[in-house]
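Throughout, our numbering is defined as the position within the sequence shown, counted from one, plus 300.
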Amino acid sequence: MFIKTWIFFTVYRVAEMILSYHNSRSHNLREVGIGQKYSMILLHSMWFLSMIIEDYYFHTALELNIMKIILIIILFFASTLRIISMMTLKKMWSTKVYALRKENVITSGIYKYFRHPNYFAVFLEITLLPILFDLYYTALVFTLFNSIFLFLRIRLENRFTYGEIS
């Protein structure tokens, strides 16, 4: 079950990278924080690799219990939140951060209620997917690294889209 889930999330991330690439070609906006994009790719790649390695050494069968079912429901919610985020942003959805004028920032749909739904969903996935399969080392290490990354990423995005940081 782990390998099938791992493959699903890997294909999902690769599809997002392809979508991001196509979306970025549909407009002529100035990208900021280019190094962060590569840090994000490295972080996610290492997360996937870490799950495979930890599963290889400490493999345990997935035993469904109420806690695991709750994790599956939350992961489904996170994936749904990411899809809603992408659908709301349409061609503006990207793994890149662009400098935007305040009036061009999308504040409709999910963004009317929640400023960074995609990042929240990614946080849930990176934390909970390893826990679902008892990969606690990966969950701990990458939750920490991802939290640091998201703090810096949201700060950059807010600076160039909401004008919050001078």
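Here a beta-carbon is modelled for each residue, glycine too, at the ideal position from N, C-alpha and C.
Annotated three-state conformation of Glu-363 is coil, per DSSP.
Annotated as proximal: Lys-391 and Ser-326, with beta-carbon spacing under 7 Å. Val-311 sits in a helix when the DSSP states are folded into three classes. Residues of the same chain with a CB within less than 7 Å of the CB of Arg-382, apart from the 5 flanking positions on each side, are Asn-418 and Ala-421 in chain order. With respect to the 7 Å criterion, Phe-442 and Trp-347 are classified as neighbours on the basis of their beta carbons.
Non-local C-beta neighbours of Gly-333 in its own chain, meaning closer than 7 Å and more than five positions away in sequence, comprise Val-397 and Leu-456, ordered along the chain. When the alpha-carbon of Asn-458 is set against those of Ile-406, Phe-309, Asp-434 and Ala-378, the nearest one is in Ile-406. CA-CA distance, His-359 to Ile-341, rounds to 26 Å. Taking 4 residues as the shortest admissible run, the stretch 319-378 contains the following complete alpha helix (DSSP H) segments, listed from N- to C-terminal end: 334-358. Going by DSSP, Glu-425 is part of the alpha helix (DSSP H) stretching over 417-432.
At the C-beta level, Phe-302 and Asp-355 come within 7 Å of one another.
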